[in-house]
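Colleague: In the numbering used here, the protein residues as written are 24 to 331. Pasting a structure here, questions to come.
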C-alpha cells in the first residue's frame, strides 16, 4: 500500500514542483491561469463526471448526508484553527480544512484499497465534494461578519456568490440531461472530455506556481493546526458522520478514506478568485499533501475494522 501511495503522491509533487520551479524563474500571470481553470476546465470536469458516473438515488441521499455532516464538522475545525486570526486568514483556514482532495488522490487510493466496487462509491463522493466545493467555498469567503444592529445578508447576494462560478451551472445541466435521458453530440462530448483531462495538471501547476513565487512556504502554527485538523480530524469526523447516517462496511470505509485526504488544490484557486488568503491555503495544501502519506497509510491499515 505504501508503494501505491507513493505512486499516487509522486506525480502530484512532480507536477507541482515543476510549477514552482517555473514560477521561481519567470514571471507568471497566476490570476489568468486560475480563472482558466475555474471558468473553463473545472466546469468541464463536473459535467463529464455527472454524465459518466452511474449512481442510485438511495446511495446519493445516505452518502450525501454523511458527507455533509463531515464537511460541516471539518469547517468548524478549520474555523477553530483560525480563532483571533485576521478575517481573510480565518476564512482561508476554514476552507483549507473543509475542502479536501477526493479526486486525484482519493480516487486512485480508493481503487487500490477497495477495488472496483469501492471505486464507484469513491467516485460518487468525489462528485459530491467537487460540487460542494463550488457551493460552500464562495459562502465561506463572502459571508459578512455583521454587528447585531446590521441586517442579515440578502439571500439574493448569497445565491449570486454561489452561482458565480460556472461549475454550479454544469451541475444543473448534467442533472437535467441525466433525468431526461439525453446525450450530448459525440463531438461535444469529446471536447468536454478533453477539457476535463486538462483540469488536474493545471490545478497542480497552480499550486506549484503559488509556492514558487513566494519561495519555500512558511509553516507557522496555524498551518500545522489546520493540517492536523484535515488529516486527523477529517477521518474521525467521517467515522462519526457515517455511523450517525447508518453507513456500515465498505461504504463507511470509503467515506472515512475520502475524509482523510489532504487539502484540495482547487481550494487555492477559489481563494485567489474570491480575495482570500491564497498563501495560507497554498501552504496548508503543501504541508497536508506531504504529510498525508503516513496518515493515509495509517487510515488504510485501520479500515478493515470498519468493514469487518
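The beta carbon of each residue, even a glycine, is placed where N, CA and C say it ideally should be.
By Cβ distance below 8 Å, which residues in the same chain neighbour residue 53 in space, the five residues on each side in sequence not counted?
Modeller: Here the set comprises 46, 229, 232, 233, 236, 295.
Colleague: With distances taken Cα to Cα, identify the nearest neighbour of residue 108 among 152, 324, 244.
Modeller: Comparing Cα positions, the closest option is 244.
Colleague: Looking only at DSSP bridge pairs, what is residue 286 linked to?
Modeller: In DSSP, residue 286 forms a bridge with 123.
Colleague: What does the alpha-carbon distance come out to for the pair residue 100 and residue 118?
Modeller: One C-alpha to the other measures close to 10 Å.
Colleague: To the nearest angstrom, how far is it from the Cα of residue 253 to the Cα of residue 162?
Modeller: Between residue 253 and residue 162, the C-alpha separation is close to 20 Å.
Colleague: Give me the residue from 76, 61, 33 with the minimum Cα distance to residue 218.
Modeller: Among 76, 61, 33, the Cα nearest to that of residue 218 belongs to 61.
Colleague: In this structure, how does DSSP classify residue 49 when only helix, strand and coil are distinguished?
Modeller: Residue 49: coil per DSSP, three-state reduction.
Colleague: Indicate the three-state DSSP secondary structure (helix, strand or coil) for residue 41 in the structure shown.
Modeller: Looking at residue 41 - three-state DSSP - the assignment turns out to be helix.
Colleague: Thinking C-alpha only, which one of 313, 269, 287 is nearest residue 86?
Modeller: The shortest Cα separation from residue 86 among 313, 269, 287 belongs to 269.
Colleague: Roughly how many angstroms lie between the CA atoms of residue 88 and residue 49, to the nearest whole one?
Modeller: Those two C-alpha atoms are separated by around 45 Å.
Colleague: Between residue 299 and the ligand SAH, is the CB less than 7 Å from at least one heavy atom?
Modeller: The ligand SAH is not among the ligands present in this structure, which contains no ligands whatsoever.
Colleague: Return the first residue and the last residue of the alpha helix (DSSP H) that residue 206 is part of.
Modeller: Per DSSP, residue 206 belongs to no alpha helix (DSSP H) and is neither H nor E.
Colleague: Just to confirm the assignment, what range does the alpha helix (DSSP H) spanning residue 302 have?
Modeller: Segment 301-325, the alpha helix (DSSP H) holding residue 302.
Colleague: Over what stretch of residues does the alpha helix (DSSP H) that includes residue 62 continue unbroken?
Modeller: No alpha helix (DSSP H) contains residue 62, which DSSP labels as neither H nor E.
Colleague: Between 84, 146, 140, 40, which has its C-alpha nearest residue 128's C-alpha?
Modeller: Residue 128 has its Cα closest to that of 146, out of 84, 146, 140, 40.
Colleague: For residue 258, is the classification buried or exposed, using 16 other Cβ atoms within 10 angstroms of its Cβ as the cut-off for buried?
Modeller: So residue 258 counts as buried.
Colleague: Confirm, please, whether the CB-CB distance from residue 290 to residue 341 is below 8 Å.
Modeller: Since the first residue shown for the chain is 24 and the last is 331, residue 341 is missing from the structure and cannot be characterised.
Colleague: For the alpha helix (DSSP H) that contains residue 248, what are its first and last residues?
Modeller: 244-251 is the span of the alpha helix (DSSP H), which, as asked, contains residue 248.
Colleague: Please list, in chain order, all residues of the same chain as residue 273 whose beta carbon is under 8 Å from its beta carbon, the five residues on each side excluded.
Modeller: Contacts found: 137, 140, 141, 144, 330.
Colleague: Residue 205: buried (16+ other C-beta within 10 angstroms of its C-beta) or exposed?
Modeller: With fewer than 16 other Cβ atoms within 10 Å, it is exposed.
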